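Residue numbers (numbering that gives the first Met the number 0), protein chains in the order written: chain U, 0 to 569; chain L, 0 to 97. Don't be surprised by glycine CBs; every beta carbon is placed ideally from N, CA and C. Small disclaimer: the values here were computed from a predicted structure and weren't measured.
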Amino acid sequence: MSQTVSDRPNAPLYTLPKAPTGITGLDEITGGGLPQGRPTLICGSAGCGKTLFSMEFIVRGAMQFGEPGVFMTFEEKTEELVMNVASLGFDLTQLQADKLLRLDYVHVERQEIEETGEYDLEGLFIRLGHAIDSIGAKRVVLDTIETLFSGLTNQGIIRAEIRRLFEWLRNKGVTTVITGEKGDGTLTRQGLEEYVSDCVILLDHRVSNQISTRLLRVVKYRGGVHGTNEYPFLIDEEGISVLPVTSLTLDKPVSSERVSTGIAALDKMLDGKGFFRGSSILVSGTAGTGKTSIAASFANETCQRGERCMYFAFEESPQQICRNMDSIGMNLQQHVDAGLLRFHASRPTLNGLEMHLVAIHKAVKTFKPTTIVLDPITNLITVGAMSEVKSMLIRLIDFLQTEQITVLFTALSLNTVIQEQTDEGVSSLVDVWLSVKDIEFNGERNRGLYVMKSRGMKHSNQIREFIITDSGLDLVDVYLGPEGILTGSAREAQELLQETGVALRDHAVSRKDREIERKRSVLESRVSALREEFESVQEELNRSYVEDELRNEVLEKNRAQLTRSRHKED
Amino acid sequence: MEEEQEIWELRLYVAGKTPKSLLALANLKNYCERHLKGKYQLEVVDLLQQPQLAEGDQILAIPTLVKKVPEPIRKIIGDLSNEEKVLVGLNIRPATPV
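Quick look at the structure:
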């Protein structure tokens with residue numbers, strides 16, 4: 000303990016110096032790497048990756064951290080080892096030539112060995128010491144020292160010597176990795192864990208539903224905080240990657256930028272602008288409701304903006320998707336050709352969930368899309384339990400949100416009865432949940448689309464009829480009438496009915512108008528006739544009046560004349 | 000059993016002059032003088048001085064006696080205190096004495 004601290008006087012006393020492994024994810028779990036200058040035990044059953052793990056520790060140490068290493072193997076010959084790890088791109092021959100690595104094959108052949116009397120393992124110490132000194136090694140791997148137990152009979156001596164060996168390695172200040180085969184009920188067959196008290200990492204290889212998952216757990220890490228969970232890891236062409244939950248705290252960056260869904264009417268339902276960038280969207284629905292079409296149209300829209308989109312298809316091949324989307328007026332092939340759209344199609348059963356997750360991670364890291372589509376996540380259920388799928392999706396969403404990537408999942412609801420729950424239980428994780436529903440009515444099935452939730456924006460609470468036409472997707476208002484919700488041809492019929500009604504009413508109104516018009520003209524003609532009559536009567540009256548006056552006048556005149564003439568006579 | 004012309008090539012690996020090493024060397028010399036007089040070559044390798052030699056003969060334990068000739072190669076580890084085992088290991092005496 001004091002050794003490592005005094006070796007590095009600059010390091011603060013309270014922190015344990017750590018030797019980074021360079022293994023993706025492991026350094027995050029252990030908070031920086033393995034305890035420096037101390038032995039670490041890596042145990043696990045056969046074929047769980049112990050040798051590879053320790054080899055990666057040595058090789059990365061040599062290549063990335065400038066710490067030469069000694070790999071002492073008790074099982075594989077050096078040539079075999081060189082060949083085995085060459086597939087991971089580790090050139091051990093070159094590293095040996097550069098004096099960054101030393102391989103030492105310790106062969107213990109019980110047949111050749113006769114034991115008599117007292118002995119010790121000083122020979123091993125000398126060999127190891129020589130190997131360490133010859134290249135100035137800082138890291139040592141013993142893979143696996145348990146072979147000694149089968150090669151030699153005097154267990155008491157071996158135990159004492161192994162204890163001494165670890166003490167000696169500590170004193171030398173080298174970071175040591177010891178591998179051990181998992182025993183029955185114990186971490187290692189020979190109980191090596193009792194000698195190694197600083198750090199124990201357990202590797203496991205579990206097969207469930209014929210799919211294997213590799214898991215890693217830090218059993219013990221003295222003097223350091225470490226993640227205690229089982230973390231899945233994988234071995235691929237780039238070595239080991241351990242996948243911790245990318246962030247345990249929820250402090251991801253958020254964007255208030257909006258991106259269109261590719262369906263204008265859907266944008267309108269989402270406050271007129273679409274999704275938030277970097278949000279997660281779930282499209283769930285029963286079979287044949289057009290989930291893939293929604294996904295494809297979102298992908299299409301992304302590419303049309305000139306951004307990159309990655310499409311993970313677990314059901315259909317890229318060609319199939321392109322062809323199918325062509326039929327509804329979306330040319331995805333052009334985006335593929337332009338390098339904006341990349342498909343990653345694989346059967347879910349190709350590998351375990353974690354492998355999928357890593358594949359997604361890697362694809363995202365290399366392709367740098369702004370949008371990814373997973374179609375459909377429900378198929379992942381075939382390779383993992385629901386809780387595993389959920390935990391994978393949590394990690395995926397976490398990761399994507401940190402990267403500010405918008406993700407769209409589609410999920411198949413198996414049964415319409417459980418409408419409000421998606422099978423993966425991811426509905427609580429996602430930001431936007433669109434549900435596409437079959438509406439069976441009047442002898443036909445139509446699609447209805449709801450926005451079940453949409454965090455952080457005003458969204459429509461209305462059901463829309465979702466129609467797929469030759470020119471793309473559209474949403475139309477459903478008919479809400481006294482008969483309930485009408486969709487499809489029933490809606491069309493209803494609309495027709497309404498139009499007819501209007502026409503009929505129009506017709507009726509105009510007929511009445513004309514009748515009134517007619518009545519008015521009749522009335523008016525009658526009025527004018529009466530007026531004529533009145534005028535003629537009036538004229539008549541006037542005439543007789545004038546005649547009377549005239550007559551009176553004439554009479555007056557006559558009488559005056561008569562009077563005058565009478566006076567004359569007088 | 001023994002062929003007249005055969006020479007036993009023996010190599011004893013030690014690490015410094017530890018009591019075990021000295022005991023092994025004394026035991027070995029004793030056996031050889033009694034059973035292989037004039038028919039053996041003994042080389043003592045001190046790994047503290049020549050650590051690089053440990054790899055060649057796959058030495059783990061100290062002391063280790065390696066018999067290279069006659070075939071087969073045998074290693075006898077320990078302080079060689081059990082004469083019977085050593086002689087069997089060196090093919091001087093058959094494994095199951097009558």
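DSSP state of residue i mapped onto helix, strand, coil
i, result
"residue 34 of chain U", "strand"
"residue 444 of chain U", "strand"
"residue 574 of chain U", "Because chain U in this structure spans residues 0 to 569, residue 574 of chain U falls outside the shown range and cannot be described."
"residue 530 of chain U", "helix"
"residue 416 of chain U", "Any reading at residue 416 of chain U needs caution, since the residue's pLDDT is 46, under 50, leaving its predicted position unreliable; the model's value is listed next. Three-state result, residue 416 of chain U: coil."
"residue 306 of chain U", "coil"
"residue 329 of chain U", "coil"
"residue 88 of chain L", "helix"
"residue 105 of chain U", "coil"
"residue 188 of chain U", "coil"
"residue 78 of chain L", "coil"
"residue 45 of chain U", "coil"
"residue 8 of chain U", "Note that residue 8 of chain U scores 48 on pLDDT, short of 50, meaning its location in the model is unreliable; the coordinates nonetheless yield the value given after this. In the structure shown, residue 8 of chain U sits in coil (DSSP, three-state: anything other than H, G, I, E or B)."
"residue 119 of chain U", "strand"
"residue 476 of chain U", "strand"
"residue 40 of chain L", "strand"
"residue 17 of chain U", "strand"
"residue 97 of chain L", "With a pLDDT of 44 at residue 97 of chain L, under the threshold of 50, the modelled position of that residue is not reliable, and the figure given next carries that caveat. Coil, per DSSP."
"residue 337 of chain U", "coil"
"residue 500 of chain U", "helix"
"residue 231 of chain U", "strand"
"residue 260 of chain U", "coil"
"residue 343 of chain U", "strand"
"residue 404 of chain U", "coil"
C-beta neighbour in chain U for residue i, strict 8 Å
i, result
"residue 54 of chain L", "yes"
"residue 96 of chain L", "Note that residue 96 of chain L has pLDDT 48, beneath the 50 cutoff, so the model's placement of it is unreliable and the number below is only indicative. No - not a single Cβ of chain U is within 8 Å of the one on residue 96 of chain L."
"residue 33 of chain L", "no"
"residue 58 of chain L", "yes"
"residue 6 of chain L", "no"
Contact belief for residue i with residue j at Cβ below 8 Å, rounded distance in angstroms
i, j, result
"residue 35 of chain U", "residue 18 of chain U", "4 Å"
"residue 180 of chain U", "residue 145 of chain U", "6 Å"
"residue 375 of chain U", "residue 344 of chain U", "Going by Cβ atoms, the distance from residue 375 of chain U to residue 344 of chain U rounds to 13 Å, so no, they are not a contact pair."
"residue 202 of chain U", "residue 52 of chain U", "7 Å"
"residue 474 of chain U", "residue 465 of chain U", "6 Å"
"residue 148 of chain U", "residue 157 of chain U", "6 Å"
"residue 40 of chain L", "residue 76 of chain L", "Residue 40 of chain L to residue 76 of chain L, Cβ: 20 Å. No contact."
"residue 21 of chain U", "residue 67 of chain U", "Residue 21 of chain U to residue 67 of chain U, Cβ: 14 Å. No contact."
"residue 12 of chain L", "residue 85 of chain L", "The pair is not a contact, with the Cβ atoms about 15 Å apart (cut-off 8 Å)."
Residue-chain proximity (residue i, chain L), Cβ-Cβ < 8 Å
i, result
"residue 122 of chain U", "yes"
"residue 116 of chain U", "yes"
"residue 142 of chain U", "no"
"residue 139 of chain U", "no"
"residue 125 of chain U", "yes"
"residue 74 of chain U", "no"
"residue 113 of chain U", "yes"
"residue 128 of chain U", "yes"
"residue 119 of chain U", "yes"
"residue 18 of chain U", "no"
Among the options, nearest to residue i - alpha-carbon criterion
i, options, result
"residue 391 of chain U", "U:91, U:154, U:45, U:212", "U:212"
"residue 347 of chain U", "U:340, U:455, U:142, U:356", "U:356"
"residue 453 of chain U", "U:406, U:278, U:370", "U:278"
"residue 62 of chain L", "L:80, L:72, L:71", "L:80"
"residue 19 of chain L", "L:72, L:42, L:86, L:64", "L:64"
"residue 339 of chain U", "U:320, U:315, U:303", "U:303"
"residue 364 of chain U", "U:330, U:404, U:349", "U:404"
"residue 194 of chain U", "U:217, U:167, U:517", "U:167"
"residue 72 of chain U", "U:500, U:81, U:97", "U:81"
"residue 53 of chain L", "U:128, U:199, U:209", "U:128"
"residue 467 of chain U", "U:447, U:308, U:117", "U:447"
"residue 102 of chain U", "U:112, U:408, U:119, U:79", "U:79"
"residue 436 of chain U", "U:444, U:429, U:222", "U:444"
"residue 412 of chain U", "U:378, U:370, U:397, U:472", "U:378"
Chain-ordered neighbours of residue i on chain A, where CB pairs are closer than 7 Å
i, result
"residue 107 of chain U", "Looking for chain A here will not work: the only protein chains present are U and L."
| task | Report the residues of the stretch 38-51 of chain L with a CB closer than 8 Å to any CB of chain U, ordered along the chain. | result | 46, 47, 50, 51
| message | For the stretch 8-26 of chain L, list every residue whose C-beta sits within 7 Å of some C-beta in chain U, in sequence order. | response | 12, 14, 19
| request: Can you give me, in chain order, the residues of the stretch 63-96 of chain L that have a beta carbon less than 8 Å from any beta carbon in chain U? | output: 63, 71, 72, 73, 74, 75, 76, 77, 78, 79, 80, 81, 84, 85, 87, 88
| request: For the stretch 75-103 of chain U, enumerate the residues whose C-beta is nearer than 8 Å to any C-beta of chain L, in chain order. | output: 103
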